[in-house]
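Trainee: Can you read through this structure? Questions will come right after.
Protein chains: 2
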Amino acid sequence: MNIKDVAKQAGVSVATVSRVLGGVTPVSEPARLKVLEAVQALGYRPDLAARRLRSRRSNAIGLVVSDIRNPFFTEVSRAVEDVAFSHQLSVILCNTDEDPEREASCLNLMRDEQVSGVILTPSQRLLGQFRPGDYGFPVVLVDRYERGIEADAVLLDNFDAAQRLTEHLISQGHRDQVFLYGADSTTGRQRLEGHRAAMAAHQLSVRATGIKPRVEQAREASLAALRRSPLPQALVASSGLVLLGIVEALRESGLTMPGDVAVAGFDNMPWTRLVEPGLTVIAQPTYEMGREAIQLLLQRINDPDKAVRQLVLRGELLERGSSAASGRTPGHGMP
Amino acid sequence: MNIKDVAKQAGVSVATVSRVLGGVTPVSEPARLKVLEAVQALGYRPDLAARRLRSRRSNAIGLVVSDIRNPFFTEVSRAVEDVAFSHQLSVILCNTDEDPEREASCLNLMRDEQVSGVILTPSQRLLGQFRPGDYGFPVVLVDRYERGIEADAVLLDNFDAAQRLTEHLISQGHRDQVFLYGADSTTGRQRLEGHRAAMAAHQLSVRATGIKPRVEQAREASLAALRRSPLPQALVASSGLVLLGIVEALRESGLTMPGDVAVAGFDNMPWTRLVEPGLTVIAQPTYEMGREAIQLLLQRINDPDKAVRQLVLRGELLERGSSAASGRTPGHGMP
DNA sequence: CTGTTAGCGCGTTCAC
DNA sequence: GTGAACGCGCTAACAG
Numbered sequence: 002m003n004i005k006d007v008a009k010q011a012g013v014s015v016a017t018v019s020r021v022l023g024g025v026t027p028v029s030e031p032a033r034l035k036v037l038e039a040v041q042a043l044g045y046r047p048d049l050a051a052r053r054l055r056s057r058r059s060n061a062i063g064l065v066v067s068d069i070r071n072p073f074f075t076e077v078s079r080a081v082e083d084v085a086f087s088h089q090l091s092v093i094l095c096n097t098d099e100d101p102e103r104e105a106s107c108l109n110l111m112r113d114e115q116v117s118g119v120i121l122t123p124s125q126r127l128l129g130q131f132r133p134g135d136y137g138f139p140v141v142l143v144d145r146y147e148r149g150i151e152a153d154a155v156l157l158d159n160f161d162a163a164q165r166l167t168e169h170l171i172s173q174g175h176r177d178q179v180f181l182y183g184a185d186s187t188t189g190r191q192r193l194e195g196h197r198a199a200m201a202a203h204q205l206s207v208r209a210t211g212i213k214p215r216v217e218q219a220r221e222a223s224l225a226a227l228r229r230s231p232l233p234q235a236l237v238a239s240s241g242l243v244l245l246g247i248v249e250a251l252r253e254s255g256l257t258m259p260g261d262v263a264v265a266g267f268d269n270m271p272w273t274r275l276v277e278p279g280l281t282v283i284a285q286p287t288y289e290m291g292r293e294a295i296q297l298l299l300q301r302i303n304d305p306d307k308a309v310r311q312l313v314l315r316g317e318l319l320e321r322g323s324s325a326a327s328g329r330t331p332g333h334g335m336p
Numbered sequence: 002m003n004i005k006d007v008a009k010q011a012g013v014s015v016a017t018v019s020r021v022l023g024g025v026t027p028v029s030e031p032a033r034l035k036v037l038e039a040v041q042a043l044g045y046r047p048d049l050a051a052r053r054l055r056s057r058r059s060n061a062i063g064l065v066v067s068d069i070r071n072p073f074f075t076e077v078s079r080a081v082e083d084v085a086f087s088h089q090l091s092v093i094l095c096n097t098d099e100d101p102e103r104e105a106s107c108l109n110l111m112r113d114e115q116v117s118g119v120i121l122t123p124s125q126r127l128l129g130q131f132r133p134g135d136y137g138f139p140v141v142l143v144d145r146y147e148r149g150i151e152a153d154a155v156l157l158d159n160f161d162a163a164q165r166l167t168e169h170l171i172s173q174g175h176r177d178q179v180f181l182y183g184a185d186s187t188t189g190r191q192r193l194e195g196h197r198a199a200m201a202a203h204q205l206s207v208r209a210t211g212i213k214p215r216v217e218q219a220r221e222a223s224l225a226a227l228r229r230s231p232l233p234q235a236l237v238a239s240s241g242l243v244l245l246g247i248v249e250a251l252r253e254s255g256l257t258m259p260g261d262v263a264v265a266g267f268d269n270m271p272w273t274r275l276v277e278p279g280l281t282v283i284a285q286p287t288y289e290m291g292r293e294a295i296q297l298l299l300q301r302i303n304d305p306d307k308a309v310r311q312l313v314l315r316g317e318l319l320e321r322g323s324s325a326a327s328g329r330t331p332g333h334g335m336p
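Chains as they are written, first to last, in the numbering used here: chain A, 2 to 336; chain B, 2 to 336.
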């Protein structure tokens, strides 16, 4: 069952069938109909492998993320897949765990697949040496980016978001803050800078702890911070995973928010408003970011010489109970 | 840059190069080394499209889930990708939203891609008419299955899990339970049966509400149940999403667990132990299920005539505060 | 064990 | 606007 059979059935040549299905060169209406009819009748589907071999393109895109289980990437990937699907593009998924070796393997895989493009969340290290021309395909960066890199990107304004989050905490009276951030990620460091700026504006000193972006590490770092006396007034997380670790540590220590310690962080995960008394977070427009990323990629594929663009989106501060002024809240067992 | 160049560089024929890289037919050690050296020197990577066209295989697998954002599928997909990656297999991802039309599109896509196999979570409807032979590739079902279907599958023992969960609630004194379940899913219905059995064993009547498996629907159904007087003693969720909706409704109503209403459900999501006083759930071995699924698939690919197997795993009951006997707990504002 | 060679199915060029 | 023919890069069959 191949293009030849269709040509025979339609009474035309294979070239005509190819033209009808390719849809570039014009074909006479009667021939077109005959071909479509034959395709229908035979249930013909063109062979992608042959098509790719011949055309050197693959109508597939790559999605290379550090860990699909990170809710941010889960949501992004869903957006990417939605748009890709509506454009008849296959999505090839790869997790890197921030491991440069695995990143290289994934990108090689994408090269082998001759994908039309890749949406990538590079590790700090890869980002440092990122040259867009190194790959045979266009790349759109998501979530991670550094000034001067010649690549399309979709980002949160991390500096601004962290600054506003910190300002908010200060305005609630939480001046002694501990900032826990993923030290290996660009994102974490940019957020640290925003935090630093806000603290500096109030002549407050910064207590920041860089950790691996894992729940377990965040939990341990939080426990350490909570063992000190006096307690810090607030714990601030640079990501959703770190926030999770902080809340675990708090529960484990039997401390309450914001009575004993205020808490705030990033990523408006579904559970953040269910944890008493609700977690104050910067919400990222995750789905939108994924959608923008693939749209940027599609534009880049259609016009490789276009100037690169970085799309910087603003986070939304969701003020919930965890960051309330501690005097205002009843708390559990506080006056 | 192709196999011919490598052959020339190595001083052998293209067939020998192909054999070295294919690794099936034996090749003399000196020739092997020459080839590998040439491959290294030229940075040669075989063309997947050509390889696929010729060999009619694709070293890619499909992962077709209803929604990657469902934490269960997120975790499964991570396991699948891990194993696939270690076997040099590409993973093509597709979301169906339980929509039969989209399911068909996804499976057609997989056919076009000539994937070696697919891991699939079929909708109720697709499952009803599922014929393994309809596709050109082997399929392993995950999470959804019905007796008599000739396909490999990896499942939770839903009946048993729901039965144990219900028994546990009864043993804690929560005899008047409302069971909220995804009516469109096999899983939800099987869990309802387990619930029913446990209730019947204690001569208790069943109050079950079938809903669409969405947080919003679960929330609304919960609110409706919570408006009744007297309150039910417990709300039980047939899935993680439904559980989320229940907890939202409870917070919205200002009711406490288990003081006002006990709560229990499925899926040990990271936040279930953070929500006061911890949510009692059936934990599914999600990562393991994904790993088993792809291993089953690989075995099936290697031996298509092997008898099909259904792997049924047992859920683990995690007893937390939300299901405690209500007399035992302080509650907020209860004596 | 190795080399030669014939296609895999399609898109595209070149005549008509 | 159409058809014939070539070749994309590779693997598998066959002959040596």
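No residue lacks a Cβ here, since even glycine has one placed at the ideal position from N, Cα and C. Here the structure is a predicted model, which is why all the values come from computation and not from measurement.
1) Return the CA-CA distance between Ser29 (chain B) and Arg57 (chain B), expressed in angstroms with no decimal places.
2) If you draw a straight line from the C-alpha of Leu54 (chain A) to the C-alpha of Gly183 (chain A), how long is it?
3) Taking Met290 (chain B) as the reference, give the member of B:Val7, B:Pro123, B:Glu38 and B:Gly316 with the closest Cα.
4) Who are the Cβ neighbours of Leu256 (chain B) in its own chain at under 7 Å, not counting the five residues just before and after it?
5) Report the neighbours of Gln115 (chain A) on chain B: residues whose CB is nearer than 9 Å to its CB, in chain order.
6) Taking Leu94 (chain B) as the query, report the chain A residues whose CB atoms sit under 8 Å from its CB, ordered along the chain.
7) For Glu151 (chain A), count neighbouring Cβ atoms within 10 angstroms of its own Cβ and tell me buried if that reaches 16, exposed if not.
8) Since Ser19 (chain A) is in the alpha helix (DSSP H), which residue starts that stretch and which ends it?
9) Give me the Cα-Cα distance between His169 (chain B) and Thr281 (chain B), rounded to the nearest whole angstrom.
10) Closer than 7 Å by C-beta to Pro72 (chain A): which residues in its own chain qualify, once you throw out the five before and the five after it? Chain order, please.
11) How is Phe131 (chain B) classed by DSSP in three states: helix, strand or coil?
12) Count the other C-beta atoms from every protein chain shown that fall within 10 angstroms of the C-beta of Gly246 (chain A), then say buried if there are 16 or more, exposed otherwise.
13) Under three-state DSSP, which class holds Ile150 (chain B)?
14) Out of B:Arg301, B:Ala8 and B:Leu90, which one is the CA nearest neighbour of Leu34 (chain B)?
15) What are the boundary residues of the beta strand (DSSP E) that Asn303 (chain A) is part of?
16) Does Glu277 (chain B) come out as helix, strand or coil in the three-state DSSP assignment?
17) Any idea which residues DSSP pairs Ile283 (chain B) with across the strands?
18) Buried or exposed for Ser19 (chain A), please, with buried defined as at least 16 other CB atoms from any protein chain shown within 10 angstroms of its CB.
19) List the residues that DSSP assigns as beta-bridge partners of Thr210 (chain B).
20) Where do the N-terminal and C-terminal ends of the beta strand (DSSP E) with Ala61 (chain B) fall, by residue?
21) By how many angstroms is the C-alpha of Pro231 (chain A) removed from the C-alpha of His88 (chain B)?
22) I need the boundaries of the alpha helix (DSSP H) containing Ile171 (chain A), first residue and last residue.
23) Check Ile120 (chain A) in the structure and name its three-state DSSP category.
24) Helix, strand or coil: how does DSSP classify Asn96 (chain B) here?
25) For Val7 (chain B), which three-state DSSP category applies?
26) Out of curiosity, what's the CA-to-CA distance linking Trp272 (chain A) and Val276 (chain B)?
27) Pair every Cβ in the stretch 187 to 197 of chain B with every Cβ in the stretch 158 to 167 of chain B, then say whether three or more of these pairs are closer than 8 Å.
28) Roughly how many angstroms lie between the CA atoms of Val264 (chain A) and Arg321 (chain A), to the nearest whole one?
29) Verify the CB distance criterion: does Arg252 (chain A) have a CB-CB separation below 8 Å to chain B?
30) Whose CA, out of B:Asp144, B:Glu217, B:Arg145 and B:Gly118, lies closest to the CA of Asp135 (chain B)?
31) In three-state DSSP terms, what is Ala326 (chain A)?
32) Give a yes or no on whether the minimum CB-CB distance between Ile69 (chain A) and chain B is below 8 Å.
33) Can you tell me the Cα-Cα spacing of Ala202 (chain B) and Tyr45 (chain A), whole angstroms?
34) If you draw a straight line from the C-alpha of Val21 (chain B) to the C-alpha of Ile295 (chain B), how long is it?
35) Tell me, please, which residues DSSP counts as bridged to Gln311 (chain B).
36) In angstroms with no decimal places, state the Cα-to-Cα distance between Ala32 (chain B) and Glu102 (chain A).
Mentor: Straight from the coordinates:
1) In the second sequence, counting from the first residue as 1, residue 29 (chain B) sits at position 28. In the second sequence, counting from the first residue as 1, residue 57 (chain B) sits at position 56. Straight-line Cα distance between these residues: approximately 27 Å.
2) By one-based count along the first sequence, residue 54 (chain A) stands at place 53. By one-based count along the first sequence, residue 183 (chain A) stands at place 182. Rounded to the nearest angstrom, the two C-alpha atoms are 43 Å apart.
3) Sequence index remark: in the second sequence, residue 290 (chain B) carries index 289 (1-based). Met290 (chain B) has its Cα closest to that of B:Gly316, out of B:Val7, B:Pro123, B:Glu38 and B:Gly316.
4) Position 255 of the second sequence, counting from 1, holds the residue named residue 256 (chain B). Excluding sequence positions up to five before and after Leu256 (chain B), its CB lies within less than 7 Å of the CB of Leu227 and Val262, all in the same chain and listed in chain order.
5) In the first sequence, residue 115 (chain A) corresponds to position 114, counting from 1. Against chain B, a Cβ distance below 9 Å from Gln115 (chain A) picks out Asp48, Leu49 and Ala50.
6) Within the second sequence, numbered from 1, the residue matching residue 94 (chain B) stands at position 93. Near Leu94 (chain B) (Cβ distances below 8 Å), the residues of chain A are Leu64, Ser78, Glu82, Val92, Ile93 and Leu94.
7) What you label residue 151 (chain A) is simply residue 150 of the first sequence in a count that begins at 1. Counting Cβ neighbours within 10 Å, Glu151 (chain A) comes out exposed, since fewer than 16 surround it.
8) Here residue 19 (chain A) refers to the residue found at position 18 of the first sequence. Val15 to Gly23 is the span of the alpha helix (DSSP H), which, as asked, contains Ser19 (chain A).
9) Counting from 1 along the second sequence, the entry for residue 169 (chain B) is found at position 168. Counting from 1 along the second sequence, the entry for residue 281 (chain B) is found at position 280. If I take the Cα positions, the gap works out to 10 Å.
10) Counting from 1 along the first sequence, the entry for residue 72 (chain A) is found at position 71. Scanning its chain for C-beta atoms nearer than 7 Å, with the 5 sequence neighbours on each side dropped, one finds around Pro72 (chain A) the residues Gly241, Asp268 and Met270, in chain order.
11) On the second sequence, position 130 is the one that residue 131 (chain B) refers to. The answer is coil: DSSP assigns Phe131 (chain B) none of H, G, I, E or B.
12) In the first sequence, the residue the question calls residue 246 (chain A) occupies position 245. The residue is buried, with at least 16 neighbouring Cβ atoms inside 10 Å.
13) Here residue 150 (chain B) refers to the residue found at position 149 when the second sequence is read from its first residue. Ile150 (chain B) sits in coil when the DSSP states are folded into three classes, being neither helix nor strand.
14) Residue 34 (chain B) sits at position 33 when you count from the first residue of the second sequence. The shortest Cα separation from Leu34 (chain B) among B:Arg301, B:Ala8 and B:Leu90 belongs to B:Ala8.
15) Locating residue 303 (chain A) in the first sequence gives position 302, where the first residue counts as 1. No beta strand (DSSP E) contains Asn303 (chain A), which is instead part of the alpha helix (DSSP H) from Thr287 to Asn303.
16) Along the second sequence, one-based indexing puts residue 277 (chain B) at 276. Three-state result, Glu277 (chain B): coil.
17) The residue you call residue 283 (chain B) lines up with position 282 of the second sequence. B:Phe267 and B:Leu318, per the DSSP bridge assignment.
18) On the first sequence, residue 19 (chain A) is found 18 positions in, with the first residue counted as 1. Counting C-beta atoms within 10 angstroms of its own C-beta, Ser19 (chain A) has 16 or more neighbours from the protein chains shown and is therefore classed as buried.
19) Along the second sequence, one-based indexing puts residue 210 (chain B) at 209. Per DSSP, the beta bridge partners of Thr210 (chain B) are B:Leu181.
20) As a first step, residue 61 (chain B) is located in the second sequence; it is residue number 60 there, counting from the start. From DSSP, the beta strand (DSSP E) with Ala61 (chain B) extends over Ala61 to Val66.
21) Counting from 1 along the second sequence, the entry for residue 88 (chain B) is found at position 87. Counting from 1 along the first sequence, the entry for residue 231 (chain A) is found at position 230. Taking C-alpha positions only, His88 (chain B) is separated from Pro231 (chain A) by approximately 52 Å.
22) For the purposes of this step, residue 171 (chain A) is taken as residue 170 along the first sequence, with counting starting at 1. For Ile171 (chain A), the enclosing alpha helix (DSSP H) has its first and last residue at Asn159 to Ser172.
23) Here residue 120 (chain A) corresponds to residue number 119 of the first sequence, with the count starting at 1. When secondary structure is reduced to three states using DSSP, Ile120 (chain A) falls in the strand class.
24) As a working note, residue 96 (chain B) is residue 95 in the second sequence. Reduced to three states, the DSSP call for Asn96 (chain B) is strand.
25) Working through the second sequence from its first residue, we reach residue 7 (chain B) at position 6. Looking at Val7 (chain B) - three-state DSSP - the assignment turns out to be helix.
26) For the purposes of this step, residue 272 (chain A) is taken as the residue at position 271 of the first sequence. For the purposes of this step, residue 276 (chain B) is taken as the residue at position 275 of the second sequence. Cα to Cα, Trp272 (chain A) sits roughly 8 Å from Val276 (chain B).
27) In short, these stretches touch, since the Cβ pair count reaches three.
28) Taking the first sequence and counting its residues from 1, the one referred to as residue 264 (chain A) is at position 263. Taking the first sequence and counting its residues from 1, the one referred to as residue 321 (chain A) is at position 320. Rounded to the nearest angstrom, the gap between the Cα atoms of Val264 (chain A) and Arg321 (chain A) is 10 Å.
29) Start at 1 with the first residue of the first sequence, and residue 252 (chain A) comes out as number 251. It does: the Cβ of Arg252 (chain A) has a partner Cβ on chain B nearer than 8 Å.
30) If you number the second sequence from 1, residue 135 (chain B) lands on position 134. For the options B:Asp144, B:Glu217, B:Arg145 and B:Gly118, the alpha carbon positioned closest to that of Asp135 (chain B) is the one of B:Gly118.
31) Walking along the first sequence from the start, residue 326 (chain A) turns up at place 325. In the three-state scheme derived from DSSP, where H, G and I count as helix and E and B as strand, Ala326 (chain A) is classed as coil.
32) For the purposes of this step, residue 69 (chain A) is taken as the residue at position 68 of the first sequence. Closer than 8 Å: yes.
33) Position 201 of the second sequence holds residue 202 (chain B). Position 44 of the first sequence holds residue 45 (chain A). Taking the straight line joining both Cα atoms gives about 56 Å.
34) Numbered from 1 along the second sequence, position 20 holds the residue referred to as residue 21 (chain B). Numbered from 1 along the second sequence, position 294 holds the residue referred to as residue 295 (chain B). Each residue's CA atom was taken as its position, placing Val21 (chain B) and Ile295 (chain B) some 27 Å apart.
35) Here residue 311 (chain B) is taken as the residue at index 310 of the second sequence, counted from 1. BP columns for Gln311 (chain B) point to B:Ala154.
36) On the second sequence, position 31 is the one that residue 32 (chain B) refers to. On the first sequence, position 101 is the one that residue 102 (chain A) refers to. Their Cα atoms are separated by approximately 29 Å.
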